[in-house]
Amino acid sequence: MRRAALLLGSSVLGLLGAQRTRARNEREDRARLYGSDWHPDARFRVVSRPLEYKPSVSVQEGESFLADLYWSGYETRVIRYENTRERVLFFPPAEADVDRNATYRTGAIRSTDELAEGVVTIEFQRPGR
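If you want it as structure tokens, here you go:
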């Protein structure tokens, strides 16, 4: 009985660790950007270091902490689409492994963010991943 409980406990801990790793990896493959700047299945390069800029977020008086929470953990970068040479703002999680001048590809829109008007969450990845 005791051995079965230990096996069950270690299995649960293993699953929780795998879920945390998977969640962290999924979060690293997602970023925010303005929906009008999103192009499906487009190649882009990150062409800037992190910028000291956070877009404004509409909140009611006394709720400015929501804007801070919304953007905490995100960086602001500039990307350049390879086919159009267009430069736009890109907001990856700060812990994402985003290499300057590496080539990435946009994926699907995963959500529209109600707190920041016009901002969407997208998937992104390096081609071939």
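Numbering-wise (the numbering used here), the sequence shown opens with residue 274 and increments by one. Even for Gly, the Cβ is constructed at its ideal location relative to N, Cα and C. As the structure is a computational prediction, the values presented were derived from the model and not from experiment.
Distance, residue j Cα to residue i Cα
i	j	result
Tyr347	Glu334	23 Å
Tyr343	Arg373	24 Å
Glu325	His312	25 Å
Arg353	Ser309	14 Å
Glu299	Arg358	Note that Glu299 scores 43 on pLDDT, short of 50, meaning its location in the model is unreliable; the coordinates nonetheless yield the value given after this. Each residue's alpha carbon lies about 28 Å from the other.
Ser331	Arg399	33 Å
Asn356	Thr385	25 Å
Pro323	Asp341	17 Å
Tyr307	Glu390	9 Å
Pro243	Arg350	With the chain covering only 274 through 402, there is no way to say anything about residue 243.
Glu336	Lys327	16 Å
Ser321	Asp302	18 Å
Tyr377	Phe338	32 Å
Below-8 Å beta-carbon distance, residue i vs any chain B residue
i	result
Pro366	No chain B is part of this structure, which consists of one protein chain only.
Residue i: first and last residue of the uninterrupted beta strand (DSSP E) it sits in
i	result
Tyr326	Premise fails: Tyr326 is in no beta strand (DSSP E) and is neither H nor E.
Ser384	Thr376 to Thr385
Arg360	Arg360 to Phe363
Tyr354	Arg350 to Tyr354
Thr357	Thr357 -> no beta strand (DSSP E), and no H or E assigned at all.
Val371	No beta strand (DSSP E) contains Val371, which DSSP labels as neither H nor E.
Thr319	The residue asked about is misnamed: residue 319 is Val in this sequence, not Thr. Looking at the DSSP string, the run of the beta strand (DSSP E) that includes Val319 is Arg316 to Val319.
Residues bridged to residue i [DSSP beta-bridge criterion]
i	result
Val392	Tyr307
Tyr347	Pro366
Phe397	Thr379
Buried versus exposed, by CB contacts within 10 Å (16 or more), residue i
i	result
Leu388	exposed
Val319	buried
Arg370	Note on identity: in this sequence residue 370 is Asp, with Arg being the wrong assignment. By the 10 Å Cβ count, Asp370 comes out exposed.
Contact belief for residue i with residue j at Cβ below 8 Å, rounded distance in angstroms
i	j	result
Ala304	Phe363	6 Å
Phe317	Thr394	The Cβ separation is near 16 Å, so there is no contact.
Glu396	Ala381	5 Å
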